[in-house]
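Number of protein chains: 2
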Amino acid sequence: MLSPETRPWTMAQIAAEAGVSATTVSHALSGKRPVNPETVARIQRIVQEHGFVPNSSGVRLRSGRTGVIGLAVPDIAHWYFGRIAKGVEEIANERDYGLVICGTMNADPRREKRYFNMLRTRAIDGLVYTTSRSMSDLDELVTVAQGSSIVFADEAVDRLPEVPSVTTTVREGARLVGEHLRELGHSRAVVIAGYAGLRSTTERVAAFREYFPTALTLFGDFEQQSGYELMGDLLANDVAFSCVFAHNDFMAIGAIRRLREAGIRVPEDVSVVGFDDVDVATIMSPALTTVRKDMVEIGRRSARTLFDVIEGEPGSARSSVLPVELVVRGTTAPRRD
Amino acid sequence: MLSPETRPWTMAQIAAEAGVSATTVSHALSGKRPVNPETVARIQRIVQEHGFVPNSSGVRLRSGRTGVIGLAVPDIAHWYFGRIAKGVEEIANERDYGLVICGTMNADPRREKRYFNMLRTRAIDGLVYTTSRSMSDLDELVTVAQGSSIVFADEAVDRLPEVPSVTTTVREGARLVGEHLRELGHSRAVVIAGYAGLRSTTERVAAFREYFPTALTLFGDFEQQSGYELMGDLLANDVAFSCVFAHNDFMAIGAIRRLREAGIRVPEDVSVVGFDDVDVATIMSPALTTVRKDMVEIGRRSARTLFDVIEGEPGSARSSVLPVELVVRGTTAPRRD
DNA sequence: CTGTTAGCGCTTTCAG
DNA sequence: CTGAAAGCGCTAACAG
């Protein structure tokens, strides 16, 4: 770019310069076999001088490994997946792996094909896969999963039970919410749920029903707007309720906005609980009662599990389920008639 | 992983199976030279059957290109850098490039070394570099920048004027803020600025001074907490002001929180303006008056510029400066005595 | 239309 | 302690 043609030095050139063979340079740098200290010193000097670093394509072809893992997320700009990415990146970096991010744009098939191919072409050694909705091309994933290193983060895929996953106790989270609202004296609840196709949605709906068996359940898309609109529908239809369980904080925030516009106070008239514990939950006023999921930890754990798959004893990679925690803040209050 | 040893097929094996040479397989797949249609068909079939895809390490070693670009960001989980990443990813994907994300953890030297090395080892073809503070190891960057493809996103580096950058008209943004507050009748302002070492900070401070020449300026770190604390200092010292210009929305939000705790109303008693226009700015109430920067577009433009550097005519890559826009919402109001 | 050869840059036998 | 040679998987020149 700046200098027109700065072809980097090759090991052979360094070797020539040092008056030794490439083999010796290789070993001097890796320490994988004894080399005369003087020779090492000389090589080091020349390496320093030219800023030589072994070309990674050569190393990769030779070793059959890339030193890179992939992370597939629907949208990297999303708070939720950003946190996961942070955790994955942290561990990858620790292990001296690179991380390539594949945005799936909410399951755009062309995009998905692309990172499946990265696995197939051995451009990456493994993949952490996340999704916020049901897969567009599950069949292809099933094929690719054979003989590849994959870990599902946050959401497992039912059809692939053998693939390790890192999930959370969402069922327990929903129970905590139900219990909390019951203790506050509420008896009529509505649920603004996540995607209908996700296991985590089904589980939460079922668990919440243990406390509110007849709770009306509407399915949204995890975006604020959908919480807003679904709440609008509820109000337009005169549904009677004194509390809302939203399957994530963004939808909860949207629902609260809609309630306020209708002159309904939160938490005085209606209690609202979210899920995930986004940053905003503490900023808003009143602060949002929610269920905390440690997204960064999900990322970390997923990456570690992936490395178990890649480097560990066969079968050493185990699925794990991380705990969640109810955080009671200001959007829930005792029922008032 | 699942199947114990599924070594992928090599081109040579496919060739043997098809009764042709590897060369022919290569050309049949790439179309770079005519191949007998029947032969092509046969090869296609075998390729399909075994799910063959050319090993990328081989291709890379041969071609000298990796088909991957890097993105260095302080923290991928941060709203700001997530947006940039989204834009970069979008364009990379469009060009069939992979994107590796390098978290610099706010300029951790070990981390920075790591992705500089990726450039050096030719593990990536180019790098989009962002920073939120002054560089930890500018000298190393200067060295690496020689003969490598780099683009600075969002913040240019003064010592490297030849490196293309994509920035915004922050100066103009600060002027708009000054003008707006003047028009509302304010005469005493304080500034909660960004890192002192950044050009964008200096520029904004200077531009705002055109309207409020004596505005007290405190430097923060772009985090909410710092806006909160700096506002605390201002209050503790009885500084007289009726409006605040914060260099980003998070600090603005922190400052507002602190003002409220002190019983000072926004915007009735004090007007507050942020910068960037984060999602939360619209959610909070009153909604935040701020200056909108299109972060995703910065990402896109940076990636395009990087591809100009990598693939374009030498010298075809140009720095660009994107516009910003004042968004007047609810946290600013006419001065009241 | 097709094959042979060579070589990208590296590491690892095997042989001194 | 060191080197020569082979080969990872692919493709471009050079022959047919």
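From first to last, the protein sequence lines stand for chains W and C. According to full-length UniProt numbering, numbering within the first sequence proceeds without interruption in unit steps and concludes at 337. According to full-length UniProt numbering, numbering within the second sequence proceeds without interruption in unit steps and concludes at 337. We treat Cβ as the ideally placed atom computed from N, Cα and C, and that holds for glycine. Keep in mind it's a predicted model, so treat the numbers as computed, not measured.
Length at least 4, wholly inside the UniProt domain "HTH lacI-type" (10-63) of chain C: the alpha helix (DSSP H) runs in chain order: 11-18, 22-30, 37-50, 56-63
Taking 8 Å as the CB-CB limit, is C/Leu2 close to chain W? For the purposes of this step, residue 2 of chain C is identified with residue 2 of the second sequence, where counting begins at 1. For C/Leu2, the predicted structure reports a pLDDT of 36, less than 50, and the residue's modelled location is therefore unreliable. A value from the coordinates is still provided. Closer than 8 Å to some Cβ of chain W, the Cβ of C/Leu2 qualifies, so yes.
Near W/Thr331, what residues of its chain come up, given a Cβ to Cβ distance below 6 Å and the 5 sequence neighbours on each side ignored? Here residue 331 of chain W corresponds to residue number 331 of the first sequence, with the count starting at 1. Same-chain partners within the cutoff: Val266, Pro267, Val272, Pro286, Leu288, Thr289.
Go through its chain and collect everything with a Cβ distance to C/Met1's Cβ below 7 Å, but skip five positions before and after it. As a first step, residue 1 of chain C is located in the second sequence; it is residue number 1 there, counting from the start. For C/Met1, the predicted structure reports a pLDDT of 40, less than 50, and the residue's modelled location is therefore unreliable. The matter cannot be settled from this model.
Spatial distance of C/Ala193 from C/Leu99 (CA atoms): Translated into positions along the second sequence, residue 193 of chain C becomes position 193. Translated into positions along the second sequence, residue 99 of chain C becomes position 99. Going by the C-alpha atoms only, they are around 32 Å apart.
Excluding the five sequence neighbours on either side, which residues of its own chain have a C-beta within less than 8 Å of the C-beta of W/Pro323, listed in chain order? Your numbering for residue 323 of chain W matches position 323 in the first sequence. Excluding positions up to five away in sequence, the list reads Thr168, Thr169, Glu172.
Assuming residue 367 of chain C and C/Phe208 make a contact with CB atoms under 8 Å, what is their CB distance in whole Å? For residue 367 of chain C there is no data in the structure shown, the boundaries of chain C being 1 and 337.
Compare the C-alpha of C/Val166 against each of C/Met11, C/Thr131, C/Phe241 and name the closest. To locate residue 166 of chain C, count along the second sequence from 1; it is residue 166. For C/Val166, the nearest C-alpha among the options comes from C/Thr131.
Would you mind reading off the limits of the beta strand (DSSP E) that contains C/Gln320? Taking the second sequence and counting its residues from 1, the one referred to as residue 320 of chain C is at position 320. Looking at the sequence shown, residue 320 of chain C is not Gln but Ser. Start and end: 320-322.
Residues of chain W with a CB under 8 Å from the CB of C/Asp75: which are they? In the second sequence, counting from the first residue as 1, residue 75 of chain C sits at position 75. Neighbours of C/Asp75 on chain W, chain order: Lys86.
So for W/Ala287, helix, strand or coil by DSSP? Within the first sequence, numbered from 1, the residue matching residue 287 of chain W stands at position 287. Of the three classes helix, strand and coil, the one that applies to W/Ala287 here is coil, per DSSP.
For C/Val151 and C/Val47, I'd like the C-alpha separation in whole angstroms. As a first step, residue 151 of chain C is located in the second sequence; it is residue number 151 there, counting from the start. As a first step, residue 47 of chain C is located in the second sequence; it is residue number 47 there, counting from the start. One C-alpha to the other measures close to 39 Å.
Can you pull the chain C residues whose beta carbon is under 8 Å from the beta carbon of W/Pro54, in chain order? The residue labelled residue 54 of chain W in the question sits at position 54 within the first sequence. Residues of chain C passing the Cβ test: Thr121.
For the segment 174-184 of chain C and the segment 299-316 of chain C, state whether three or more C-beta atom pairs, one from each stretch, are separated by less than 8 Å. no
Can W/Phe275 and W/Asp249 be called in contact, C-beta distance under 8 Å? The residue given as residue 275 of chain W occupies position 275 in the first sequence. The residue given as residue 249 of chain W occupies position 249 in the first sequence. Yes.
Within 10 angstroms of the Cβ of W/Pro164, are there 16 or more other Cβ atoms? Answer buried if so, exposed if not. The count along the first sequence starts at 1 and reaches residue 164 of chain W at position 164. It counts as buried.
Looking only at DSSP bridge pairs, what is C/Gly70 linked to? Numbered from its first residue, the second sequence carries residue 70 of chain C at position 70. The partner list for C/Gly70 (beta bridge, DSSP) reads C/Val100, C/Leu127.
Measure the alpha-carbon distance for W/Gly31 versus W/Thr23 and round it to whole angstroms. Locating residue 31 of chain W in the first sequence gives position 31, counting from the first residue. Locating residue 23 of chain W in the first sequence gives position 23, counting from the first residue. Their Cα atoms are separated by approximately 11 Å.
Which residues bound the beta strand (DSSP E) around W/Ile150? As a position in the first sequence, residue 150 of chain W is number 150, starting the count at 1. Looking at the DSSP string, the run of the beta strand (DSSP E) that includes W/Ile150 is 150-153.
Can you tell me which residues form a DSSP beta bridge with residue 340 of chain W? Since the first residue shown for chain W is 1 and the last is 337, residue 340 of chain W is missing from the structure and cannot be characterised.
If you draw a straight line from the C-alpha of C/Pro334 to the C-alpha of C/Asp75, how long is it? As a first step, residue 334 of chain C must be located in the second sequence, where it is residue number 334. As a first step, residue 75 of chain C must be located in the second sequence, where it is residue number 75. Rounded to the nearest angstrom, the two C-alpha atoms are 37 Å apart.
Reduced DSSP category for W/Phe212 - H, G, I as helix; E, B as strand; rest coil: As a working mapping, residue 212 of chain W is identified with position 212 in the first sequence. In the structure shown, W/Phe212 sits in coil (DSSP, three-state: anything other than H, G, I, E or B).
Apart from the five residues on each side of it in sequence, which residues of its chain come closer than 7 Å, Cβ to Cβ, to W/Ala28? To locate residue 28 of chain W, count along the first sequence from 1; it is residue 28. Closer than 7 Å at the Cβ level, and outside the excluded window around W/Ala28, lie Val35, Thr39, Val40, Ile43.
Which value, in whole angstroms, describes the spacing of the CA atoms of W/Ala262 and W/Trp79? In the first sequence, the residue the question calls residue 262 of chain W occupies position 262. In the first sequence, the residue the question calls residue 79 of chain W occupies position 79. The straight-line gap from Cα to Cα measures roughly 28 Å.
Which term fits C/Ala18, buried or exposed, when burial requires 16 or more other beta carbons within 10 angstroms of its beta carbon? On the second sequence, residue 18 of chain C is found 18 positions in, with the first residue counted as 1. Result: buried.
For the segment 77-94 of chain W and the segment 298-307 of chain W, state whether three or more C-beta atom pairs, one from each stretch, are separated by less than 8 Å. yes
Where does W/Val177 sit, in a helix, a strand or coil, going by DSSP? Against the first sequence, residue 177 of chain W aligns to sequence position 177. Residue state, collapsed to three classes: helix.
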